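**Q** Got a structure for you, questions after.
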Amino acid sequence: MPLEDSVTDWINALKDGDQRAAQQLWQRFVDRLLEIARNRLRHSPRRAADEEDVVVSA
Numbered sequence: 139m140p141l142e143d144s145v146t147d148w149i150n151a152l153k154d155g156d157q158r159a160a161q162q163l164w165q166r167f168v169d170r171l172l173e174i175a176r177n178r179l180r181h182s183p184r185r186a187a188d189e190e191d192v193v194v195s196a
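Under my numbering, the first residue of the sequence shown carries the number 139, and numbering increases by one thereafter.
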């Protein structure tokens, strides 16, 4: 079943166990998640993790 470019379709496919859907979701959102994490961590006095650590654990 080819995946559509719909987040809803990817989520439904992921619920059905389609790991390609997880990859599609990751590719779709990773850059934005990194940007958000980078902005939130920017002024942290002591960083125990970087933005990639935060995104991967989300």
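C-beta: ideal position from N, C-alpha, C; glycine also. Source: prediction; values computed, not measured.
1. In terms of residue numbering, what span does the alpha helix (DSSP H) encompassing ASP188 cover?
2. Quick one: using the 10 Å Cβ neighbour count with 16 as the cut-off for buried, is TRP164 buried or exposed?
3. Kindly indicate the opening and closing residues of the alpha helix (DSSP H) around ALA151.
4. Can you name the start and end residues of the alpha helix (DSSP H) that ASP169 belongs to?
5. Please identify the residue among ASP156, ASP143, TRP148, ASP191 whose C-alpha is closest to the C-alpha of GLU173.
**A** A quick look at the data gives this:
1. Here residue 188 refers to the residue found at position 50 when the sequence shown is read from its first residue. Note, ASP188: premise wrong, no alpha helix (DSSP H); not H, not E.
2. Reading the sequence shown from its first residue, position 26 is the one you call residue 164. Classification for TRP164: exposed.
3. Residue 151 sits at position 13 when you count from the first residue of the sequence shown. DSSP places ALA151 inside the alpha helix (DSSP H), whose first and last residues are 145-153.
4. Sequence index remark: in the sequence shown, residue 169 carries index 31 (1-based). Unbroken alpha helix (DSSP H) run through ASP169: 157-179.
5. By one-based count along the sequence shown, residue 173 stands at place 35. Looking at the Cα atoms, ASP191 is the closest of the given residues.
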